[in-house]
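Peer 1: In the working numbering, the protein residues as written are 1 to 395. Don't be surprised by glycine CBs; every beta carbon is placed ideally from N, CA and C. Please read all numbers here as calculations on a predicted model, not as lab measurements. This is the structure I want to talk about, given as structure tokens.
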Ligand SMILES: [Zn+2]
């Protein structure tokens with residue numbers, strides 16, 4: 001299917017609402033605008049009542065030769081009989097913005113919608129008349145109907161009705177039948193029907209008219225939206241509060257983190273290291289003299305070149321000095337525990353202090369087990385060593 005080539009020009013001072021750049025972005029398989037949208041001067045004077053320009057007058061002012069199959073000229077002066085469009089000799093059409101721009105502005109419709117609507121209407125008219133634009137007084141296929149239906153072929157004798165076919169226009173069923181009778185292919189008709197759906201008001205004004213037409217639904221939507229936004233906002237606020245708070249929320253204000261919780265030393269230097277993924281545990285005994293025979297544990301987490309160590313002293317009664325969790329496959333619990341080290345007694349029960357390093361915010365938690373059960377005060381510290389939470393397990 002060949003696309004119809006249209007030459008689009010402006011004659012005289014172009015209407016301020018006319019933006020020729022918009023026409024280079026419109027995609028159509030039915031017509032194409034050839035060349036640049038050029039401007040020609042209007043040298044003649046008005047020769048009709050009410051400052052109008054007759055067909056004869058404009059025929060002389062419009063370009064005689066052009067590369068398109070037909071020419072559409074946009075002017076800003078009143079036309080003969082104060083119509084908004086006139087068909088002239090030699091496949092030329094003149095369209096005026098006079099009075100139209102005010103009507104369209106009132107209905108928040110862009111001026112180019114009016115042009116697109118006429119480009120489609122005249123392309124079909126050109127096709128149905130054997131690639132010819134007949135004059136109004138020539139015998140030709142019917143071009144318009146007097147009734148306003150929002151159709152490409154509305155006459156719009158009452159000019160204010162023009163807005164109905166410049167926002168989501170249609171080809172009414174009667175016009176579809178007429179076009180088929182005039183041997184316009186069903187292929188072209190259906191393509192035009194699809195493409196003219198793009199001729200519509202900007203989104204903002206469509207939403208505005210939706211609100212005007214359906215106030216209750218709009219109110220419900222806005223209430224639901226406000227609720228959802230509010231809930232999301234409060235989640236964000238509480239999350240920000242959680243990650244920024246440094247204050248003691250419960251007991252034990254003034255406590256401080258034991259020294260050496262974060263050891264920036266290289267655990268790899270130690271001989272007895274056990275490595276698993278990016279966390280490893282180093283077990284070493286310190287104080288080998290009888291007086292100080294104690295099991296001590298230092299565990300390291302290694303991430304982003306920072307080695308962080310946890311140091312723990314187990315009670316002397318323990319035979320297995322330490323337990324550790326999450327060394328392989330980090331266990332994700334409430335705050336995302338990175339790993340935990342603790343003490344195990346002769347009966348293989350958790351018994352004694354434990355320390356956890358949290359993945360989120362580099363928080364340390366320390367607590368104590370007695371015979372396998374959490375007991376006493378469990379303290380949580382920030383990286384800076386501030387006590388941020390304290391919970392009594394014996395309550
Ligand atoms: Zn119609």
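To which residues does DSSP link residue 11 through a beta bridge?
Peer 2: Residue 11 sits at position 11 when you count from the first residue of the chain shown. Note: residue 11 sits in a beta bridge opposite 40.
Peer 1: Name all residues in chain order for which at least one heavy atom of ligand 3 lies closer than 7 Å to the residue's CB.
Peer 2: Looking for ligand 3 in the displayed structure turns up nothing; the ligands present are ligand 1.
Peer 1: At what residues does the alpha helix (DSSP H) containing residue 77 begin and finish?
Peer 2: On the chain shown, residue 77 is found 77 positions in, with the first residue counted as 1. Here residue 77 belongs to no alpha helix (DSSP H), and DSSP marks it neither H nor E.
Peer 1: If you compare alpha carbons, which of 224, 177, 192 and 86 is closest to residue 169?
Peer 2: The sequence position of residue 169 within the chain shown is 169, counting from 1. Among 224, 177, 192 and 86, the Cα nearest to that of residue 169 belongs to 192.
Peer 1: Roughly how far, in whole angstroms, is the beta-carbon of residue 93 from the beta-carbon of residue 85, given that I think they are within contact range, below 8 Å?
Peer 2: Counted from its first residue, the chain shown places residue 93 at position 93. Counted from its first residue, the chain shown places residue 85 at position 85. Indeed they touch by this definition, with Cβ atoms about 6 Å apart.
Peer 1: If we ignore side chains and look at the alpha-carbon of each, how far apart do residue 186 and residue 52 end up?
Peer 2: Taking the first residue of the chain shown as 1, we reach residue 186 at position 186. Taking the first residue of the chain shown as 1, we reach residue 52 at position 52. When rounded, the distance between both Cα atoms is 39 Å.
Peer 1: Which value, in whole angstroms, describes the spacing of the CA atoms of residue 45 and residue 56?
Peer 2: The residue you call residue 45 lines up with position 45 of the chain shown. The residue you call residue 56 lines up with position 56 of the chain shown. One C-alpha to the other measures close to 12 Å.
Peer 1: How many whole angstroms separate the CB atoms of residue 381 and residue 364, which I take to be in contact at a CB cut-off of 8 Å?
Peer 2: Mapped onto the chain shown, residue 381 falls at position 381. Mapped onto the chain shown, residue 364 falls at position 364. Contact between residue 381 and residue 364 holds: their C-beta atoms lie close to 5 Å from each other, under 8 Å.
Peer 1: According to DSSP, simplified to helix, strand and coil, what is residue 69?
Peer 2: The residue labelled residue 69 in the question sits at position 69 within the chain shown. Coil, per DSSP.
Peer 1: Determine the contact status of residue 123 and residue 33, defining contact as a CB-CB distance below 9 Å.
Peer 2: As a working mapping, residue 123 is identified with position 123 in the chain shown. As a working mapping, residue 33 is identified with position 33 in the chain shown. Taking 9 Å as the cut-off, the beta carbon of residue 123 is found no closer than this to the beta carbon of residue 33.
Peer 1: Determine the closest residue to residue 129 out of 75, 102 and 180, with distance taken between C-alpha atoms.
Peer 2: Your numbering for residue 129 matches position 129 in the chain shown. Measuring from the Cα of residue 129, the nearest candidate turns out to be 180.
Peer 1: Measure the alpha-carbon distance for residue 393 versus residue 352 and round it to whole angstroms.
Peer 2: Counted from its first residue, the chain shown places residue 393 at position 393. Counted from its first residue, the chain shown places residue 352 at position 352. Straight-line Cα distance between these residues: approximately 14 Å.
Peer 1: Sort 41, 74, 66 and 30 by Cα distance to residue 18 and report the nearest one.
Peer 2: As a working mapping, residue 18 is identified with position 18 in the chain shown. When each option's Cα is compared against that of residue 18, the closest is 74.
Peer 1: Quick check for students: name the residue ranges of the beta strand (DSSP E) that lie wholly in the region 84-161, counting only runs of 3 or more.
Peer 2: 85-88 and 92-96
Peer 1: Return helix, strand or coil for residue 379, following the three-state DSSP convention.
Peer 2: Here residue 379 is taken as the residue at index 379 of the chain shown, counted from 1. The answer is strand: DSSP assigns residue 379 an E or B state.
Peer 1: With burial defined as no fewer than 16 other Cβ atoms inside 10 Å of the residue's Cβ, what is the status of residue 207: buried or exposed?
Peer 2: Position 207 of the chain shown, counting from 1, holds the residue named residue 207. So residue 207 counts as exposed.
Peer 1: Using three-state DSSP, classify residue 303 as helix, strand or coil.
Peer 2: The residue labelled residue 303 in the question sits at position 303 within the chain shown. Interpretation of residue 303 is limited by its pLDDT of 39, a score under 50 that renders its predicted location unreliable; the figure taken from the coordinates is listed afterwards. Correct three-state label for residue 303: strand.
Peer 1: Please classify residue 222: is it buried, with 16 or more other beta-carbons within 10 angstroms of its beta-carbon, or exposed?
Peer 2: Translated into the one-based positions of the chain shown, residue 222 becomes position 222. Looking at its Cβ environment, which holds fewer than 16 other Cβ atoms inside 10 Å, residue 222 is exposed.
Peer 1: Can you tell me whether DSSP reads residue 343 as helix, strand or coil?
Peer 2: Stepping through the chain shown from its first residue, residue 343 is reached at position 343. Looking at residue 343 - three-state DSSP - the assignment turns out to be strand.
Peer 1: Quick check on residue 353: does DSSP put it in helix, strand or coil?
Peer 2: Translated into positions along the chain shown, residue 353 becomes position 353. It is a strand residue.
Peer 1: Over the uninterrupted alpha helix (DSSP H) stretch that includes residue 189, give me the two end residues.
Peer 2: The residue labelled residue 189 in the question sits at position 189 within the chain shown. Where residue 189 is concerned, the enclosing alpha helix (DSSP H) stretches over 186-195.
Peer 1: Mind checking whether residue 30 and residue 188 have CB atoms under 9 Å apart?
Peer 2: On the chain shown, position 30 is the one that residue 30 refers to. On the chain shown, position 188 is the one that residue 188 refers to. Yes, the Cβ-Cβ distance between residue 30 and residue 188 is below 9 Å.
Peer 1: Could you tell me the boundaries of the beta strand (DSSP E) in which residue 31 lies?
Peer 2: Translated into the one-based positions of the chain shown, residue 31 becomes position 31. First-last of the beta strand (DSSP E) with residue 31: 31-33.
Peer 1: When you compare only the Cα positions, how much space is there between residue 377 and residue 366?
Peer 2: Taking the chain shown and counting its residues from 1, the one referred to as residue 377 is at position 377. Taking the chain shown and counting its residues from 1, the one referred to as residue 366 is at position 366. If I take the Cα positions, the gap works out to 9 Å.
Peer 1: Compute the Euclidean distance between the alpha carbons of residue 331 and residue 205, then round it to the nearest angstrom.
Peer 2: As a working note, residue 331 is residue 331 in the chain shown. As a working note, residue 205 is residue 205 in the chain shown. Confidence at residue 331 is low in this model, with a pLDDT of 39, below 50, so its placement is unreliable and no value can be given for it.
Peer 1: I need the straight-line Cα distance from residue 375 to residue 239, nearest angstrom please.
Peer 2: Working through the chain shown from its first residue, we reach residue 375 at position 375. Working through the chain shown from its first residue, we reach residue 239 at position 239. Approximately 29 Å, taken between the alpha carbons.
Peer 1: Please classify residue 321 as buried or exposed, where buried requires at least 16 neighbouring CB atoms within 10 angstroms.
Peer 2: Sequence index remark: in the chain shown, residue 321 carries index 321 (1-based). Residue placement at residue 321 is poorly supported in this model, since its pLDDT is 47, which falls under 50; the coordinates still yield a value, given next. Residue burial annotation: residue 321 is buried, with at least 16 other C-beta atoms found within 10 angstroms of its C-beta.
Peer 1: Can the beta-carbon of residue 135 be found less than 9 Å from the beta-carbon of residue 104?
Peer 2: Here residue 135 refers to the residue found at position 135 when the chain shown is read from its first residue. Here residue 104 refers to the residue found at position 104 when the chain shown is read from its first residue. Result no, Cβ atoms of residue 135 and residue 104 do not sit closer than 9 Å.
Peer 1: Any contact between the region 136-156 and the region 59-67? By contact I mean 3 or more CB pairs, one from each, below 8 Å.
Peer 2: no
Peer 1: Decide if residue 35 is buried, meaning its Cβ has at least 16 other Cβ atoms within 10 Å, or exposed.
Peer 2: In the chain shown, residue 35 corresponds to position 35, counting from 1. Residue 35 comes out exposed.
Peer 1: Just confirm the distance between the C-beta atoms of residue 347 and residue 369, as a whole number of angstroms; I'd bet it's less than 8 Å.
Peer 2: In the chain shown, residue 347 corresponds to position 347, counting from 1. In the chain shown, residue 369 corresponds to position 369, counting from 1. Contact doesn't hold; Cβ gap of about 12 Å is too wide.
Peer 1: What residue range does the alpha helix (DSSP H) around residue 46 cover?
Peer 2: For this step, residue 46 is matched to residue 46 along the chain shown. Element bounds for residue 46: n/a, residue is neither H nor E.
Peer 1: When the Cα atoms are used, what is the spatial distance from residue 102 to residue 38?
Peer 2: Translated into the one-based positions of the chain shown, residue 102 becomes position 102. Translated into the one-based positions of the chain shown, residue 38 becomes position 38. Residue 102 and residue 38 have their C-alpha atoms roughly 24 Å apart.
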